[in-house]
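Engineer: Let me give you the structure first, and then I'll get to my questions.
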Amino acid sequence: MEIIREGQIKLKVPKNRSLSKKDKIFYNPVMEANRDISIAVVQGLLSDYKREDFIVCDPLGGSGVRGLRYAKELINPSGRVKVIIGDINPNAIKLAMENLKINDMENVEIIHKDANILLSENFRTFNMVDLDPFGSPNPYIDSAIRSCITKNGLLSMTATDTAVLYGTYRKTCIRNYDAIPISGDKELAIRLLIGYAIRMASKYDIGLKPIFSHFTDHYVRTFLITERGAKKADNSLKKLGYIRVENEEKIIKLREKGFERGFGGVFYLGSINDRDIVKSSLKVVEDRNYSERSKKIIKEIYEESALSDVIGCYDIHKICSNIKELAPPIHELINRLKEQGFKASRTHYNPNGIKTDGKVIDVINCIREYNENNKY
Ligand SMILES: C[S@@+](CC[C@H](N)C(=O)[O-])C[C@H]1O[C@@H](n2cnc3c(N)ncnc32)[C@H](O)[C@@H]1O
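This is how it looks when you write it as structure tokens:
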């Protein structure tokens, strides 16, 4: 064992860290940016919070790092932050308890319990539930929704089964998420996960509003706010639909119009980032000097959130290979598209991608124009 520091806490972690072997206690330093971003997003939301208690449940807690950081680093301007950390693995619980002791905090409770039992025992209790499983959050989404308060509750989740959400394992995606995936655009993986969570919540007359999402390394992460009532649930459902990709263009069809052969989905089609919350999260990571990685990711998301109603991006290398043109620098194409009156930005999902409200033909024209003007 060794003691390390992450954020504002000290942490006892195994020297010989393992990523997923059964019975090994989990601490993944690579996920520090994930945790930094999580705290920043939640703190951004809390800036004008009016309730005395903000209760967080981290039911898949591992070493406790995430829950302990929430307990130490989140500031509720109207009162307290309380955190409940759970895990099914007794070794993880033992370590989480030692970590709690080292950090000497009174606002944390650690419970040795299956996540679904812990969540089900706490109906409509938590202001926030953070699902951070190995693989898919799917087995816990239903009970997480039931354990969250129904208005302005926050449900955040990590999914590391990205190959499933991204379409590499189509059959598994249909089985696990009741949706047909589309590969080639990572944003669609997030939209599929959100679409699934919205369908899970709607049966309880709860709507879900996405406020922040990212796809980093081997995982996707999303933050959803609960909205109470049948109308809110219906509004969320109205934003679901099917997508077909034709010549790099995304053809969209609303779910309420019915499924059509050749389309993938169900996907969430609304905006996935709330620009104001992204902005306040950016301020938090900068003020607190969190990891450079977290700053970079949030900055990129802030840029692309100006086009939050645009679904996915155009992969410039793919388009150039199809039309047999050299790929111009991305920033040149973005400038050109903007000069022509389109909105355009980079996207954190793809270094070769451009998000724009232009059509693929507009992008192709810009590519050809650039190459024409830059002949040797
Ligand atoms: C990815 S790790 C959690 C990592 C941690 N949240 C962090 O940020 O470092 C997933 C954890 O879920 C625990 N787990 C797996 N199945 C569970 C279940 N059914 N109930 C509760 N905990 C479970 C594992 O023991 C493991 O510690």
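Residue numbers for the sequence shown follow this note's numbering, so the first one is 72 and each next one is one higher.
Glycine is no exception: its CB is placed at the ideal position from the N, C-alpha and C atoms.
(1) For the structure I just gave you, are there three or more beta carbon pairs, one from the region 249–268 and one from the region 330–350, closer than 8 Å?
(2) Given that a residue counts as buried once 16 or more other Cβ atoms are within 10 Å of its Cβ, and exposed if not, what is V101?
(3) Less than 8 Å separating the Cβ of Y98 from some heavy atom of ligand 1?
(4) To the nearest angstrom, report how far apart N193 and S218 are at their CA atoms.
(5) Have a look at I253, L264 and K153 and flag the residue whose alpha-carbon is nearest the alpha-carbon of N247.
(6) Roughly how many angstroms separate the alpha carbons of T297 and S352, rounded to a whole number?
(7) Across the region 369–380 and the region 415–422, are there enough close Cβ pairs to call them in contact, namely three or more that are closer than 8 Å?
(8) Quick one: grab the DSSP three-state call for D94.
(9) Leaving out five residues before and five after V349 in sequence, what residues of the same chain have Cβ atoms less than 7 Å from its Cβ?
(10) Within the continuous alpha helix (DSSP H) that includes N170, where are the two ends?
(11) Go ahead and label K93 buried or exposed: buried means 16 or more other beta carbons lie within 10 angstroms of its beta carbon, across all protein chains shown.
(12) Identify whether V381 lies in helix, strand or coil by the three-state DSSP scheme.
(13) Exposed or buried, which one is P148 when buried takes at least 16 other CB atoms within 10 Å?
(14) Would you mind stating whether L189 and I182 have Cβ atoms separated by less than 9 Å?
(15) Quick one: which unbroken beta strand (DSSP E) runs of 3-plus residues sit fully inside the region 113–159? Chain order, please.
(16) For Q79 and V235, I'd like the C-alpha separation in whole angstroms.
(17) Do D201 and D288 come within 9 Å of each other at the CB atom, strictly closer than that value?
(18) Can you tell me the Cα-Cα spacing of N187 and E319, whole angstroms?
(19) Between F125 and the rest of its own chain, which residues show a CB-CB distance below 8 Å, the 5 nearest in sequence each way excluded?
Structural biologist: According to the data block:
(1) yes
(2) exposed
(3) yes
(4) 5 Å
(5) L264
(6) 19 Å
(7) yes
(8) Only weak support is given to the placement of D94: the predicted model assigns it a pLDDT of 41, under 50, and the value that follows is read from those uncertain coordinates. In this structure, D94 counts as coil in the three-state DSSP scheme.
(9) F283, I369, I372, Y373 and S376
(10) P161 to N174
(11) Only weak support exists for where K93 lies, its pLDDT of 46 falling under 50; the value from the coordinates is given anyway. That one is exposed.
(12) coil
(13) exposed
(14) yes
(15) 124–129 and 151–158
(16) 35 Å
(17) no
(18) 41 Å
(19) L117, L145, N147, G150, R151, V152, K153, N198 and M199
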